[in-house]
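So the sequence shown is numbered by the numbering used here: it starts at 60 and just counts up by one. Even for Gly, the Cβ is constructed at its ideal location relative to N, Cα and C. Fair warning: this is a prediction, and the values are worked out from it, not measured in the lab. First the structure, in the form of structure tokens, and then the observations on it.
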Amino acid sequence: MAQKRYSIAIVGAGPAGYFAAQALQNSASDERTFAIDMFERLPTPWGLVRSGVAPDHPKIKSVSKVFEKIAKSEGFRLFGNVELGKDLSTDDLRARYDAVIIATGSSIGKKLGIPGEHLVGSHSSAEFVPWYNAHPDFAGHQIDLNTDTAVVIGAGNVAMDVARMLALNPIELDPTDTADHALGTFHQSKIRHVILCARRGPEHAAFTAPELRELAKLEHTNVIIDAHEIHQAITRVGENAEKHVASNLDAMLHVAENGRNSSERTLEFRFLLAPEEITGQERVESVTFAHNKVSNDKVTANGERSTVKTGLVISAIGYEAEPIEGIPYEAGRVRNENGAVANTNLYVVGWAKRGPSGVIGTNKSDASDVIDLLISQLPAEPKSAGDITELLAGKVVIDQSAWERINAAEVAAGAPLGKPRKKVANHAELVKLGVL
Ligand code: NAP
Numbered sequence: 060m061a062q063k064r065y066s067i068a069i070v071g072a073g074p075a076g077y078f079a080a081q082a083l084q085n086s087a088s089d090e091r092t093f094a095i096d097m098f099e100r101l102p103t104p105w106g107l108v109r110s111g112v113a114p115d116h117p118k119i120k121s122v123s124k125v126f127e128k129i130a131k132s133e134g135f136r137l138f139g140n141v142e143l144g145k146d147l148s149t150d151d152l153r154a155r156y157d158a159v160i161i162a163t164g165s166s167i168g169k170k171l172g173i174p175g176e177h178l179v180g181s182h183s184s185a186e187f188v189p190w191y192n193a194h195p196d197f198a199g200h201q202i203d204l205n206t207d208t209a210v211v212i213g214a215g216n217v218a219m220d221v222a223r224m225l226a227l228n229p230i231e232l233d234p235t236d237t238a239d240h241a242l243g244t245f246h247q248s249k250i251r252h253v254i255l256c257a258r259r260g261p262e263h264a265a266f267t268a269p270e271l272r273e274l275a276k277l278e279h280t281n282v283i284i285d286a287h288e289i290h291q292a293i294t295r296v297g298e299n300a301e302k303h304v305a306s307n308l309d310a311m312l313h314v315a316e317n318g319r320n321s322s323e324r325t326l327e328f329r330f331l332l333a334p335e336e337i338t339g340q341e342r343v344e345s346v347t348f349a350h351n352k353v354s355n356d357k358v359t360a361n362g363e364r365s366t367v368k369t370g371l372v373i374s375a376i377g378y379e380a381e382p383i384e385g386i387p388y389e390a391g392r393v394r395n396e397n398g399a400v401a402n403t404n405l406y407v408v409g410w411a412k413r414g415p416s417g418v419i420g421t422n423k424s425d426a427s428d429v430i431d432l433l434i435s436q437l438p439a440e441p442k443s444a445g446d447i448t449e450l451l452a453g454k455v456v457i458d459q460s461a462w463e464r465i466n467a468a469e470v471a472a473g474a475p476l477g478k479p480r481k482k483v484a485n486h487a488e489l490v491k492l493g494v495l
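Spelled out as structure tokens, the structure:
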């Protein structure tokens, strides 16, 4: 039997996209192989590994080596600087490829929906995180750290990243790939007290234990968790607590007992505070919280209120997918069943499929399941509809070689400074670095 070569488009060069490509490559057989074209709107690939993971967590970024191996495999082409909905339509891809995989993540920050959220000094993690990570769309954002107290709203790992970045001594960020503009701002920061506010109890927090435990090791930050509050939560959940809840509470207790030091930079965790209103004349001046209580695992208001004076509020309360024309969306994700979009040759992986949950590795098994389904639904004969490059005439495409030039230039610029790379935060400049 002749080997068939199917062409697959992947939109989005983040972890979910690469793991989908890897699952396809691993599924090649005597029967079929895959030509994979990956499209990315930015001139740089790696998605959240480049623009989401906190710069002080370089180990998490080492997965990029896996991505580069996938990209160098036979049959893989990168089309960076190509935007679906602008340079190409969903229909263009659907007509030319046997299957199109959407891997565009969730880039819109959820809104608190409280008065004052629009004030200057109130930001979403969806702006703040890509700002400090040199994402070209956010490099020009004005982030003012000229306040002694910052409030971070949310009890997930993103809230923890944000709070930690604000509470670190910036000398700790000097040897990282933090964007230059952000590093300069962190060095000028007047913030000495960061308050992370969770609306429910410690037992309901979405942090993960390894990330929590690390806080106790911070040398230049005084981390405050009230041990009494954690003991109360441990009593509430009892002996039958779910494993992840028990290990989270154990990690929080560890931080409560070991996180304090004499640093003037303080990161304080507060629980059972639901944000009610952000107030200020022209910019943020304070946040008012309604206090909650827990009984029988139900969280309800206890009638008390308090106000924290602050010039900076960052909400880190989850994300939604940004819609692309020609793709059905529902509840902040692509409408899908197990990754397949009904009555189309469209598939979806990662956060665009399941919502913003899980760590980077979660996308591997998730993508692998979707690829199994995709393969089971491939047409009997591959399409022969012409190469996509015909539609991209005149467009500067950042292919794998061009990206490797950008990558090498950033790494070389970082080396004398002791950084893993010195990121370029301007879209046009990145393209220029890639073009011969
Ligand atoms: P998340 O884990 O879903 O946490 C969102 C938090 O926001 C929850 O604590 C939620 O509280 C709270 N929240 C939602 N709406 C709120 C509101 N209106 N007011 C106050 N609080 C509200 O989301 P995430 O932190 O964005 O993280 C996304 C995913 O990326 C997670 O799976 C996370 O583990 C992962 N991640 C991993 C790492 C790492 O491994 N180092 C780093 C960053 C992110 P309720 O529970 O009360 O709704």
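Determine, using beta carbons only, whether residue 220 and residue 375 come nearer to each other than 9 Å.
Translated into positions along the sequence shown, residue 220 becomes position 161. Translated into positions along the sequence shown, residue 375 becomes position 316. In contact: residue 220 and residue 375 (Cβ atoms closer than 9 Å).
Run of the beta strand (DSSP E) containing residue 362, from where it starts to where it stops:
What you label residue 362 is simply residue 303 of the sequence shown in a count that begins at 1. Run containing residue 362: 357–368, per the beta strand (DSSP E) assignment.
Give the DSSP-derived three-state secondary structure of residue 154 in the structure shown.
One-based indexing of the sequence shown puts residue 154 at position 95. Residue 154: helix per DSSP, three-state reduction.
Could you tell me the boundaries of the alpha helix (DSSP H) in which residue 305 lies?
Along the sequence shown, one-based indexing puts residue 305 at 246. Residue 305 -> alpha helix (DSSP H) spans 302–317.
Whole angstroms is fine: what's the gap from residue 411's alpha carbon to residue 392's?
Residue mapping note: residue 411 aligns to position 352 of the sequence shown, counting from 1. Residue mapping note: residue 392 aligns to position 333 of the sequence shown, counting from 1. Straight-line Cα distance between these residues: approximately 5 Å.
Kindly give me the distance between the Cβ atoms of residue 379 and residue 167, rounded to whole angstroms, as I take these residues to be in contact under 8 Å.
Along the sequence shown, one-based indexing puts residue 379 at 320. Along the sequence shown, one-based indexing puts residue 167 at 108. So it is a contact: roughly 5 Å between Cβ atoms.
Here's the rule: buried if 16 or more other CB atoms are within 10 angstroms of the residue's CB, otherwise exposed. What is residue 246?
The residue you call residue 246 lines up with position 187 of the sequence shown. Its Cβ having fewer than 16 others within 10 Å, residue 246 is exposed.
May I ask you to report which of helix, strand or coil DSSP gives residue 470?
Position 411 of the sequence shown, counting from 1, holds the residue named residue 470. Helix.
With a threshold of 8 Å, establish whether the CB of residue 471 neighbours any heavy atom of ligand 1.
Translated into the one-based positions of the sequence shown, residue 471 becomes position 412. Residue 471: no, Cβ never under 8 Å from ligand 1.
Counting Cβ pairs closer than 8 Å, one from the stretch 116–124 and one from the stretch 434–442, do we hit at least three?
no
Nearest candidate by alpha-carbon position, reference residue 342, set 461, 214, 176:
Within the sequence shown, the letter at position 283 stands for residue 342. Among 461, 214, 176, the Cα nearest to that of residue 342 belongs to 176.
Quick check on residue 154 - is its C-beta less than 9 Å from some C-beta in chain B?
The question asks about chain B, but that chain is absent: this structure has only one protein chain.
What's the gap between the Cα of residue 299 and the Cα of residue 134?
Residue mapping note: residue 299 aligns to position 240 of the sequence shown, counting from 1. Residue mapping note: residue 134 aligns to position 75 of the sequence shown, counting from 1. For residue 299 and residue 134, the distance between alpha carbons rounds to 51 Å.
Rounded to whole angstroms, what's the CA-CA distance from residue 266 to residue 416? Just pull it up for me.
Within the sequence shown, numbered from 1, the residue matching residue 266 stands at position 207. Within the sequence shown, numbered from 1, the residue matching residue 416 stands at position 357. Whole-angstrom Cα-Cα distance: 11 Å.
Give the DSSP-derived three-state secondary structure of residue 97 in the structure shown.
Taking the first residue of the sequence shown as 1, we reach residue 97 at position 38. Here residue 97 sits in strand by DSSP.
So residue 275 packs on residue 314, CB below 8 Å; how close in whole Å?
As a working note, residue 275 is residue 216 in the sequence shown. As a working note, residue 314 is residue 255 in the sequence shown. Yes, they are in contact, since the Cβ atoms of residue 275 and residue 314 sit about 5 Å apart, within 8 Å.
Could you check if residue 413 is buried or exposed, using at least 16 other CB atoms within 10 Å of its CB as the buried criterion?
Here residue 413 refers to the residue found at position 354 of the sequence shown. Classification of residue 413: buried, given that the 10 Å Cβ count is 16 or more.
Measure the alpha-carbon distance for residue 469 versus residue 63 and round it to whole angstroms.
Numbered from its first residue, the sequence shown carries residue 469 at position 410. Numbered from its first residue, the sequence shown carries residue 63 at position 4. Using only the alpha carbons, I get a separation of about 39 Å.
Leaving out five residues on either side along the sequence, give the residues of the same chain with a beta carbon under 6 Å from the beta carbon of residue 282.
Your numbering for residue 282 matches position 223 in the sequence shown. Around residue 282: 274, 314, 318, 326.
Any alpha helix (DSSP H) of 4 or more consecutive residues that is wholly inside the stretch 417–485:
421–435, 459–473
Assign residue 281 to one of three DSSP states: helix, strand, or coil.
Taking the first residue of the sequence shown as 1, we reach residue 281 at position 222. Of the three classes helix, strand and coil, the one that applies to residue 281 here is strand, per DSSP.
Out of 279, 449, 334, 270, which has the shortest C-alpha to C-alpha gap to residue 307?
Along the sequence shown, read from residue 1 onward, the residue named residue 307 stands at position 248. Ranking 279, 449, 334, 270 by Cα distance to residue 307 puts 270 first.
Compare the Cα-Cα distances from residue 157 to each of 272, 95, 194 and report the closest residue.
Sequence index remark: in the sequence shown, residue 157 carries index 98 (1-based). With distances taken between Cα atoms, residue 157 lies closest to 95.
N- and C-terminal bounds of the beta strand (DSSP E) containing residue 352
Locating residue 352 in the sequence shown gives position 293, counting from the first residue. Residues 345–354.
Find the nearest neighbour of residue 107 within the set 210, 98, 418, 81, judged by alpha-carbon distance.
Working through the sequence shown from its first residue, we reach residue 107 at position 48. With distances taken between Cα atoms, residue 107 lies closest to 418.
Span separating the alpha-carbon of residue 286 from that of residue 296
Stepping through the sequence shown from its first residue, residue 286 is reached at position 227. Stepping through the sequence shown from its first residue, residue 296 is reached at position 237. Cα to Cα, residue 286 sits roughly 15 Å from residue 296.
Could you tell me if the beta carbon of residue 47 falls within a distance shorter than 8 Å of some heavy atom in ligand 1?
Nothing in the structure corresponds to residue 47, since the chain is present only between 60 and 495.
Where residue 345 and residue 329 are concerned, what is the direct C-alpha to C-alpha distance, given to the nearest angstrom?
Locating residue 345 in the sequence shown gives position 286, counting from the first residue. Locating residue 329 in the sequence shown gives position 270, counting from the first residue. Taking the straight line joining both Cα atoms gives about 16 Å.
Under the criterion of a Cβ to heavy atom distance below 8 Å, does residue 499 qualify as lining ligand 1?
As displayed, the chain neither begins before 60 nor continues past 495, which places residue 499 out of reach and without an answer.
For residue 78 versus residue 86, is the C-beta spacing smaller than 9 Å?
Taking the sequence shown and counting its residues from 1, one reaches residue 78 at position 19. Taking the sequence shown and counting its residues from 1, one reaches residue 86 at position 27. Not a contact, by the Cβ cut-off of 9 Å.
Contacts around residue 200, its chain only, beta-carbon distance under 7 Å, and the 5 residues preceding and following it disregarded
As a first step, residue 200 is located in the sequence shown; it is residue number 141 there, counting from the start. These residues qualify, in order along the chain: 186, 190.
Can you tell me whether residue 420 is buried or exposed? The criterion is at least 16 other CB atoms within 10 Å of its CB, across all chains shown.
Counted from its first residue, the sequence shown places residue 420 at position 361. Residue 420 comes out exposed.
Return the Cβ separation of residue 409 and residue 149 in integer angstroms, given the expectation that the two are a contact with Cβ distance under 8 Å.
As a position in the sequence shown, residue 409 is number 350, starting the count at 1. As a position in the sequence shown, residue 149 is number 90, starting the count at 1. The pair is not a contact, with the Cβ atoms about 17 Å apart (cut-off 8 Å).
Any idea which residues DSSP pairs residue 258 with across the strands?
Position 199 of the sequence shown, counted from the start, is the residue given in the question as residue 258. Residue 258 pairs with nothing; no bridge assigned.
Ligand 1 heavy atoms versus the CB of residue 169: any closer than 8 Å?
Along the sequence shown, one-based indexing puts residue 169 at 110. The answer is yes for residue 169.
Just checking my contact of residue 364 with residue 347 at CB under 8 Å: how many whole Å lie between their CB atoms?
Stepping through the sequence shown from its first residue, residue 364 is reached at position 305. Stepping through the sequence shown from its first residue, residue 347 is reached at position 288. Between residue 347 and residue 364 the Cβ distance is about 6 Å, and since that is below 8 Å, they are a contact.
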